[in-house]
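Undergrad: Please read through the structure below; I'll follow up with questions.
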Amino acid sequence: MVTTDNFLLQHPPHHQHSTSSTTTNKTPFLEINLRKSEIATSTLLEASDSHNPSIILVQEPYILDGRIAGIPRSWNQWLSKNNKAGIISLPSCNKPVFLQSTVNSTALIIQTEQGPLTVISAYSSPYKNIMETLQELHSILTDLGDERVLICADLNAHSRIWGYANEDTRGAQVENFLLAQQLYLLNETNSPPAFEHRGRKGWPDLSFIKGTDFANSCTWKVLEDYTHSDHKYILIEALLSQSHYSYPRFKTAYGGHRRMLQHLGQKTKQLVQQIKESNTKDHLAKTTEELQKAIFAACRKAYKIKKFKLKINNNWWNQSLQIKKKELQALKRRTNKSEDDNKLKYQLQLFKKQAELKRKAKKAKRNAFRNICTKTTDPYGRPYKAVVKNKHPPAELFKQLEIQAEETQNHLLLKYFRNSTLHPTHQLLHPTASH
13 MVTTDNFLLQ HPPHHQHSTS STTTNKTPFL EINLRKSEIA TSTLLEASDS
63 HNPSIILVQE PYILDGRIAG IPRSWNQWLS KNNKAGIISL PSCNKPVFLQ
113 STVNSTALII QTEQGPLTVI SAYSSPYKNI METLQELHSI LTDLGDERVL
163 ICADLNAHSR IWGYANEDTR GAQVENFLLA QQLYLLNETN SPPAFEHRGR
213 KGWPDLSFIK GTDFANSCTW KVLEDYTHSD HKYILIEALL SQSHYSYPRF
263 KTAYGGHRRM LQHLGQKTKQ LVQQIKESNT KDHLAKTTEE LQKAIFAACR
313 KAYKIKKFKL KINNNWWNQS LQIKKKELQA LKRRTNKSED DNKLKYQLQL
363 FKKQAELKRK AKKAKRNAFR NICTKTTDPY GRPYKAVVKN KHPPAELFKQ
413 LEIQAEETQN HLLLKYFRNS TLHPTHQLLH PTASH
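When you line the sequence shown up against the numbering used here, it's residues 13 to 447, in that order.
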């Protein structure tokens, strides 16, 4: 497939085959600790449909073969070296650039009209020394200088500043880190707890900002969505101006190459002459742009344009699970509002509902691929692509499923060894005949 991203345009906004737009609106970021849960990680797709984030910052995701499992392949992902902190960029994000990964954190850069914005996800286990994570963040911030930074981290630190009733040593170390680095804390003192588990509540998920103007343009909120984790989603909305450039992508797998060369050949002599006459840098740049325009025009006349879906359908989350989820959210609200006498009764009902929903969600997710395979009519359609993608194209002989193995061997041997003097047919099909 030919993609026009491989060409460097001198004036992309004015190109006849490109479109550009600069928008200033609130860019959503989601933060959550997934507690290594398969279902919690898989339901990120549902959360993306509800809140349309550009980037999701996660801690303790579900990892399989060194990657975050259960998310669409079109989502880019970066992990820390210990796989405890990760960043997921959705197709709506404007070309993020990976910065670096350390043991406990990972970082990438987003380009905006106001300058680059660095996004960092970090995690510190309550059983590890928090200074290791803070030292890594300090090193990244030192290299960035005065650039704007957004840090989302689960540091497992207690402080009254972000909601806890007590303070500990880890909380004091985080407070000193914020003061030393001149970071702004987005967490609010009276915010709902971001962590709830069997009656325990906590505020371990923190969000930091570097840059006064950037901090004033951000909003921070704990969402009440059910997450299949004991942590809640945190929604951060930042007012950013971003320029988006889009170019057509052409399908080349279905032919059209000869037509493209014919259309391009009509301007070949003129372009070659312009290249020969180019004797200055500006003249050569203008000639290069004319060449690119000619290639784009020829491709548009010869190839089909690829359509890219920004929104991906969730093929396993069904209406029954959605109803169960709403019932669970209603029961959770009733539990929080109930008095001490009825609270224990509602909590027991809540735990049973949570276990039931988790069990049914796991079953639905694991049966989704099986259902696709059983309903398909083409054995080399969606199921095959989902498993092997483009690595192993199907062999032609396996399409003849109704032919016996011996008949297939005879067919291949007659086709490819008809003129051979070795006569391998008898030896291969009847290996025991010579003994």
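Where is the CB? At the ideal position from N, CA and C, for every residue including glycine. Since we're looking at a predicted model, the values are computed, not measured.
1. Is it the case that the segment 221-240 contacts the segment 335-343, given that we only count it when at least three CB pairs across the two stretches are under 8 angstroms?
2. What span of residues does the beta strand (DSSP E) with S229 cover, start to end?
3. If you draw a straight line from the C-alpha of L146 to the C-alpha of V115, how long is it?
4. Name the two residues that bound the continuous alpha helix (DSSP H) containing R271.
5. When you compare the segment 62-74 with the segment 273-287, are there three or more beta-carbon pairs, one atom per stretch, that lie closer than 8 angstroms?
6. Within the chosen definition, does the segment 172-187 reach the segment 136-156 through at least 3 CB pairs nearer than 8 angstroms?
7. From N95, Q123, A119, pick the residue whose C-alpha is nearest to that of S137; which is it?
8. Cβ of Q361 within 8 angstroms of Cβ of G211?
9. According to DSSP, what are the bridge partners of E208?
10. Quick one: is Q274 buried, meaning 16 or more other Cβ sit within 10 Å of its Cβ, or exposed?
11. Over what stretch of residues does the beta strand (DSSP E) that includes R453 continue unbroken?
12. Please state the DSSP three-state secondary structure of Y358.
13. Does the separation of the CB atoms of I152 and I173 fall below 8 angstroms?
14. Quick check: the segment 69-81 against the segment 43-60, are at least 3 beta-carbon pairs closer than 8 angstroms?
15. Going by CA-CA distance only, name the one from A310, N348, S86 that's closest to G268.
16. Just list the residues that DSSP pairs C105 with in beta bridges.
17. On the DSSP letters alone, give me the boundaries of the beta strand (DSSP E) that V284 sits inside.
18. Rounded to whole angstroms, what is the Cα-Cα separation between R79 and L91?
19. Could you check where the alpha helix (DSSP H) with D155 kicks off and where it finishes?
20. For a test of the three-state rule: what should DSSP assign to V115, helix, strand or coil?
21. Assuming L120 and I83 are in contact, meaning their beta carbons sit under 8 angstroms apart, how far apart are those beta carbons, in whole angstroms?
22. Could you name the residues of the same chain whose beta carbon sits closer than 7 angstroms to that of D242, not counting the 5 residues immediately before and after it, in chain order?
23. Considering only the beta carbon of each residue, do I99 and T118 sit closer than 8 angstroms?
TA: Reading off the structure:
1. yes
2. It is not in any beta strand (DSSP E) - S229 carries neither H nor E in the DSSP assignment.
3. 11 angstroms
4. 269-277
5. Taking 8 angstroms as the limit for Cβ pairs, the verdict is that the segment 273-287 does not touch the segment 62-74.
6. yes
7. Checking every option, the nearest Cα to that of S137 belongs to N95.
8. No, the Cβ-Cβ distance between Q361 and G211 is not below 8 angstroms.
9. K213
10. exposed
11. The question about residue 453 has no answer here: the residues shown for the chain are numbered 13 through 447.
12. helix
13. no
14. yes
15. A310
16. Paired residue(s): none; C105 is not in a bridge.
17. Counting along the chain, no beta strand (DSSP E) covers V284; the unbroken alpha helix (DSSP H) around it starts and ends at 280-289.
18. Straight through space, the alpha carbons of L91 and R79 are spaced by roughly 8 angstroms.
19. 142-156
20. coil
21. That pair is no contact at about 16 angstroms.
22. R47, F207, E208, H209
23. yes
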